[in-house]
Amino acid sequence: MSNRAESFLVGLIGEGVSPSLTPPMHEKEADVQGLRYLYRPIDLLELSLPGSAVGDLLTAASRLGYNGLNITHPCKQLVLPFLDEVSEDARRLAAVNTVLIKEGRFIGHNTDFSGFGSALASGLPDAGLDRVVQLGAGGAGSAVAYALLSAGVRTLDLVDVDPARCAERAAELAALFPGSTVTARTTAELPQLMPLADGLVHCTPVGMAAHPGLPLDMSLVEPRHWVADIVYRPIETQLVLEARAKGCRVLDGGRMAVGQAADAFRIFTGRDADPERMRAHFLELVSAEESTAEGSKSDKALAGAGH
1 MSNRAESFLV GLIGEGVSPS LTPPMHEKEA DVQGLRYLYR PIDLLELSLP
51 GSAVGDLLTA ASRLGYNGLN ITHPCKQLVL PFLDEVSEDA RRLAAVNTVL
101 IKEGRFIGHN TDFSGFGSAL ASGLPDAGLD RVVQLGAGGA GSAVAYALLS
151 AGVRTLDLVD VDPARCAERA AELAALFPGS TVTARTTAEL PQLMPLADGL
201 VHCTPVGMAA HPGLPLDMSL VEPRHWVADI VYRPIETQLV LEARAKGCRV
251 LDGGRMAVGQ AADAFRIFTG RDADPERMRA HFLELVSAEE STAEGSKSDK
301 ALAGAGH
């Protein structure tokens, strides 16, 4: 019997979050579980607010009865001083993307890393973890690298276009995981690194709809490699398509998106979400979004042709 007495009000704070697929994913899962659940984006750009306003927004959300908030760019670090408690993993990562509001207190978590961790475990079971190459050492890359090392990767080669950022990230991670080796590398070293690697993880914007293309020379990818992408717009990136065509086992970016959403849902409600059910709905949302985009392209082409 569903509990209709309890209701949940949650939100997402960040820049450009209005098109996010996270709200409908959460709401659909709640519907299936018989929960009253409302999830609204709080877009800093639309409100003309800086990232530093996150503290004021947390206070306002608490006063308005919110149960929790997801936090994204540019607030994952900025939110830290306003929290009463932070999970151990979020503290080690120095980044929070989920805040539970409970009895007036703000409790921070990081489901980016746990979302990738569960995606890796479910989507690529038995993946070799002796040595992994990761492209991209930015914010999302930090969480993914933490997840990889937590999963037992023995040697992680970080590759980034910003050598200083890459070296700093590698040093931070090496300190957190003294039993593993973390190296800072450049793209020029990929021909030497890929033959040594079990798998490749991609954490840069390359492959997104606005940044089409491939993040590396695909001749370096062998059928024995497993390949994971965290880009999910489109879900079938060129990297995923070409790696699969080579015979590689692949993990699309939707797995991490669903994993972090499922973990946040559990934190907000105290109930487990069904990851496969959430993934099925997520894929429906992405498909509908891509169909709409294709329709818009067709309309523009017809308009250009004088129709």
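Here the sequence shown stands for residues 1 to 307, where the numbers follow the UniProt record's numbering. C-beta atoms are modelled at their ideal positions from N, C-alpha and C, and glycine is treated no differently.
F82: first and last residue of the uninterrupted beta strand (DSSP E) it sits in: Unbroken run through F82: none, as it is neither H nor E.
Beta carbon of G253 nearer than 8 Å to that of I267: no
Where the alpha helix (DSSP H) containing P24 begins and where it ends: Per DSSP, P24 belongs to the alpha helix (DSSP H) from T22 to V32.
Neighbour-count burial assignment, K102, 16 or more Cβ in a 10 Å radius: exposed
Proximal residues to A293 (C-beta, below 8 Å), its chain only, five neighbours per side dropped: A209
Close Cβ partners of E27 (< 8 Å) along its chain, the five nearest in sequence each way excluded: Y37, L38 and Y39
Three-way DSSP call (helix, strand, coil) for I13 in this model: strand
CB-CB length for V32 against I71, believed under 8 Å: No, V32 and I71 are not in contact; Cβ-Cβ is about 25 Å, not under 8 Å.
Between the CA atoms of G55 and F82 - distance to the nearest angstrom: When the Cα atoms are used, F82 and G55 turn out to be separated by approximately 6 Å.
Range covered by the beta strand (DSSP E) that runs through I107: Here the beta strand (DSSP E) through I107 covers R105 to H109.
Alpha-carbon spacing of G136 relative to R185, whole angstroms: 10 Å
Segments of 4+ residues assigned as alpha helix (DSSP H) that fall wholly inside the region 164-247: 190-193 and 238-246
C-alpha gap between K246 and P223, whole angstroms: 5 Å
Inter-stretch contact at 8 Å, needing at least 3 Cβ pairs: the region 101-116 / the region 138-149: yes
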